[in-house]
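Presented below is the structure to which this report refers.
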Ligand code: ADP
Ligand code: ADP
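Residue numbers (the UniProt record's numbering): 15 to 243.
Encoded structure:
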C-alpha cells in the first residue's frame, strides 16, 4: 500500500464555524518528499495535524501503510511511526538538548544507556554533539530546530511531518536545517511532508500540493504537467 492514503477528509473545528478541510484526498507513496503550499488559513496545518495523528478528521479516513488511523491507536502510531517538526520548535525548556532528543524513546526503549547513546548519535548527525548538555534557552534558533530534528528522527519514523520548519529562522539557518532534514530523510528512505508558504522552499521537493480554502486545488509532481505554476 502507499504510505499515506487519505480519503474524503473534512475538518470542522468544534465551534462549527470553521470548515478547515473540505473533501481532501491525498495518496503519498513510500519515500516521497512533498510540500504542501497555499495561502494562510487554507488548511495546511490542519491537514498535517491529521496526517500526524495529532487530531482526527470530522469525516473521511486516513491509512498509514495500510493501517487505518482511529481514536484507539493514534498515540501508539504517532510515537512509533511519525516524527513531527514544528515552526516554534516545541522543546521542553527545562530539559537539556540530550534529554529533549530522548523524549520519544521513553515509549520504545527501556534501557537508559541505549536511549542516551541513540540520542547522542542523533545530536551528532545534526552537528550538535558539543551542545548535548545545553538547555534550549542557551541555544540559537537554528540550533534549537536541529535539536527538534534530532528528536523527530530518533525513533526512526517512516513518516516525517514538518510544519513551516524554517519559519522562525534566518535564511542561513533555514538552509542548514532544510539540508540536514533532507539528508536525514534520504538516508532513511523515509517519507517527508513539509508545510510551507515559501514557494522557493517548496520547489526543492518532487511534489507540490496546493490547498486553498480547505480544498486541494493543485497537485504537481516534477516532470508532470498538470501545473498551475
Ligand atoms: P494554514 O496552515 O494553511 O494557515 P490552518 O490549517 O492553520 O491553515 O487553518 C485553517 C482554518 O482553520 C483557519 O480558518 C484557521 O483559523 C482555522 N483553525 C485552525 N486551527 C483551529 C482551531 N484549533 N480551532 C478553530 N479554528 C482553527
Ligand atoms: P507552530 O508554530 O508550532 O506550528 P503555531 O504557533 O502556528 O504552531 O500554533 C498552531 C496552533 O494554533 C495549532 O494548535 C492550531 O490548531 C491553533 N490555531 C490556529 N488557528 C487557530 C484559530 N483560529 N483558533 C484556535 N486555534 C487556532
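From the three backbone atoms N, C-alpha and C, an ideal C-beta is built for every residue, glycine too.
| Item | Value |
| --- | --- |
| Rounded C-alpha distance that separates residue 45 from residue 145 | 31 Å |
| Reference residue 157; option with closest CA among 132, 131, 189 | 189 |
| In DSSP terms, what residue 77 is bridged to | 19, 82 |
| Residue(s) in a DSSP beta bridge with residue 24 | 73 |
| Whole-angstrom distance between residue 217 and residue 228, CA atom to CA atom | 22 Å |
| Cβ neighbour criterion (16 or more within 10 Å) applied to residue 15 | exposed |
| Cross-strand partners of residue 234 (DSSP beta bridge) | 222 |
| Per-residue burial, residue 201 [other beta carbons within 10 Å of its own, 16 or more giving buried] | exposed |
| Exposure label - residue 231; buried when at least 16 CB within 10 Å | exposed |
| Ordered list of alpha helix (DSSP H) runs contained in the stretch 147-188, each at least 4 residues | 155-167 |
| Residues near residue 31 by beta carbon distance below 8 Å, same chain, minus five either side | none |
| Sufficient close CB pairs (3 or more, under 8 Å) joining the stretch 176-196 to the stretch 211-226 | yes |
| Residue environment, residue 199, which counts as buried when at least 16 other CB atoms sit within 10 Å | buried |
| Bounding residues of the alpha helix (DSSP H) (the contiguous stretch that carries residue 60) | 58-65 |
| Residue 38 beta carbon less than 8 Å from that of residue 20 | yes |
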